[in-house]
Amino acid sequence: MTGFTEEAILKLQRYTFPGNVRELEHIVERAVLQGGGRVITPDLVATNDTVTAAKGGEYEKLLDLPFRESVQAWERLLIDRALEAANGNKAEAARRLGIHRRLLYEKLGSEES
């Protein structure tokens, strides 16, 4: 069985999407990849409010996080900006970041780890 649970849909509906429709596409894509063919549950819908706060100019909040969470949030912010600048093209975003495309895919697939 595939699809989204009602709770996952509600989580998406409540999220403010400070980016654009590409942000929604990326969130859904990551959820589907992480779900591995299973029904998408709220825990697979990575709206990452920490990164949202950073995008809103509240970078100081990231400094209050534990080290690993702060690094992951900064990394996600950089990836999001590179994807936006590359119009969603992952190979181009990886080039802009100076990393191999496979590493970018790994980072996008392991955000909830």
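Going by the numbering used here, the sequence shown wraps up at 230, each residue one higher than the last. Quick reminder that beta carbons are idealized off the backbone N, C-alpha and C, glycines included. Since this is a predicted model, take the numbers as computed values, not measurements.
- [ ] Taking the CB atoms as reference points, tell me whether residue 157 and residue 125 lie closer together than 8 Å.
- [x] yes
TODO: Drop a sphere of 10 angstroms on the beta-carbon of residue 160, count the other beta-carbons inside from all chains shown, and report buried for 16 or more, exposed for fewer.
DONE: exposed
Open item on the list: For residue 123 and residue 130, I'd like the C-alpha separation in whole angstroms.
Closed with: 10 Å
- [ ] For the alpha helix (DSSP H) holding residue 197, just list the boundary residues, first then last.
- [x] 184 to 202
- [ ] Find the nearest neighbour of residue 188 within the set 154, 224, 142, judged by alpha-carbon distance.
- [x] 224
Open item on the list: Taking its Cβ as the centre, do 16 or more other Cβ atoms sit within 10 Å of residue 221, making it buried, or is it exposed?
Closed with: buried
- [ ] Compute the beta-carbon to beta-carbon distance between residue 139 and residue 201, rounded to the nearest angstrom, for a pair I have assumed lies under 8 Å.
- [x] 7 Å
TODO: Note down the Cα distance separating residue 213 from residue 120, rounded to an integer number of angstroms.
DONE: 33 Å
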